[in-house]
Every structure is written in structure tokens, then in C-alpha cells.
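First residue of the sequence shown? That's 9 in the working numbering, and the numbers climb one at a time after it. Beta carbons are placed, not taken as given, at the ideal position from N, Cα and C, and that holds for glycine. No experiment lies behind these values; they were computed from the predicted model shown. Take a look at the structure set out below.
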Amino acid sequence: MGNSAHASNQSPVDFIAEQNSEEFKQLKKSHRNFVFPVAIGFLVWYFAYVLLAAYAHDFMSIKVWGNFNIGLILGLLQFVTTFGITTWYVTYANRKLDPQAAVIRTRLESQIEAAGMTTEEV
Numbered sequence: 009m010g011n012s013a014h015a016s017n018q019s020p021v022d023f024i025a026e027q028n029s030e031e032f033k034q035l036k037k038s039h040r041n042f043v044f045p046v047a048i049g050f051l052v053w054y055f056a057y058v059l060l061a062a063y064a065h066d067f068m069s070i071k072v073w074g075n076f077n078i079g080l081i082l083g084l085l086q087f088v089t090t091f092g093i094t095t096w097y098v099t100y101a102n103r104k105l106d107p108q109a110a111v112i113r114t115r116l117e118s119q120i121e122a123a124g125m126t127t128e129e130v
């Protein structure tokens, strides 16, 4: 019927030990060091826009060019900021997170292969 480790629902990988490994801790730290400050910064920027729109009507209605006012420009900048943050995160992940994750993935896959299993069986 298959591998005895598989039949007893035992994984060849100790996921708790992996979670406690220095590489995994560093990966989580690298992820948090990017995500939390950027998320907080974006939320401050977003709520500043919402509060300005709600309470600073005179400021937001200042015409900048033709029918374009500060409110419209700041609203459009919300979209630009979202795309900018996405691009920034992808670049950061490719440069910093993916190499760290690859080390962990390679180690886990080698443990699975050593047990004679496939990743689907784990």
C-alpha cells in the first residue's frame, strides 16, 4: 500500500523543528521587516486621505489644473501608491525572501527524497 511512514501519517519532515530553525526565523524576520512598516505607512497615507476628504473640503477642492483638484490628484495617487508598493514588494521578495526560502525548500525536499516520498505524499 505504500511507504510505512506514509501509512502511519508520519511525515519525514519535522515541521516544528523547521519552524524553529534559524533560516526560517530569519525569513520571517525579513518578511516582517518589510511588510509591517510599509503597511503602517500606507494605512497612515490612506486614512490621511480619507480624513482630508471628510473634513478638509476647502483644501481638497483647490483647483490645480483645469477641473483637477487636490482631492482628485490625491485619490489617483492612492492607486499609484498601491502599484508602487506591489512592485517594491515583488522586487524585495525576489532579491531577499526567495533566496532564503529556496534554502529552506531545498532542505525540506532533500528530507522528503531521503524518505523515498514525493512532495504530494507529505
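Same chain only: Cβ atoms within 6 Å of residue i, ignoring 5 sequence neighbours per side
i	result
Ser12	Low local confidence applies: a pLDDT of 45 at Ser12 is under 50, so the model's placement there is unreliable, with the coordinate-based value given in what follows. Closer than 6 Å at the Cβ level, and outside the excluded window around Ser12, lies no residue.
Phe42	Tyr100
Ser29	none
Gly150	The requested residue 150 is not part of the displayed model; the chain covers only 9 to 130.
Spatial neighbours of residue i in its chain, beta-carbon cut-off 8 Å, leaving aside the 5 residues before and after
i	result
Val111	Glu31
Ala109	Leu35
In DSSP terms, what residue i is bridged to
i	result
Trp132	With the chain covering 9 to 130 only, the question about residue 132 has no answer from this structure.
Start-to-end residues for the alpha helix (DSSP H) that takes in residue i
i	result
Ala25	23-27
Nearest-angstrom beta carbon gap, residue j and residue i [assumed within contact, 8 Å]
i	j	result
Val46	Ile81	Actually they do not touch by this definition, with Cβ atoms about 22 Å apart.
Leu116	Ser38	Contact flag wrong, Cβ pair sits at about 18 Å.
Gly49	Ala61	Between Ala61 and Gly49 the Cβ distance is about 19 Å, and since that is not below 8 Å, they are no contact.
Same chain, Cβ closer than 7 Å to residue i, five either side skipped, listed in chain order
i	result
Gln86	Tyr54, Tyr57
Asn75	none
Contiguous alpha helix (DSSP H) assignments of at least 4 residues, all confined to the region 32-111: DSSP runs (the alpha helix (DSSP H)) wholly in the region 32-111: 65-68, 78-100.
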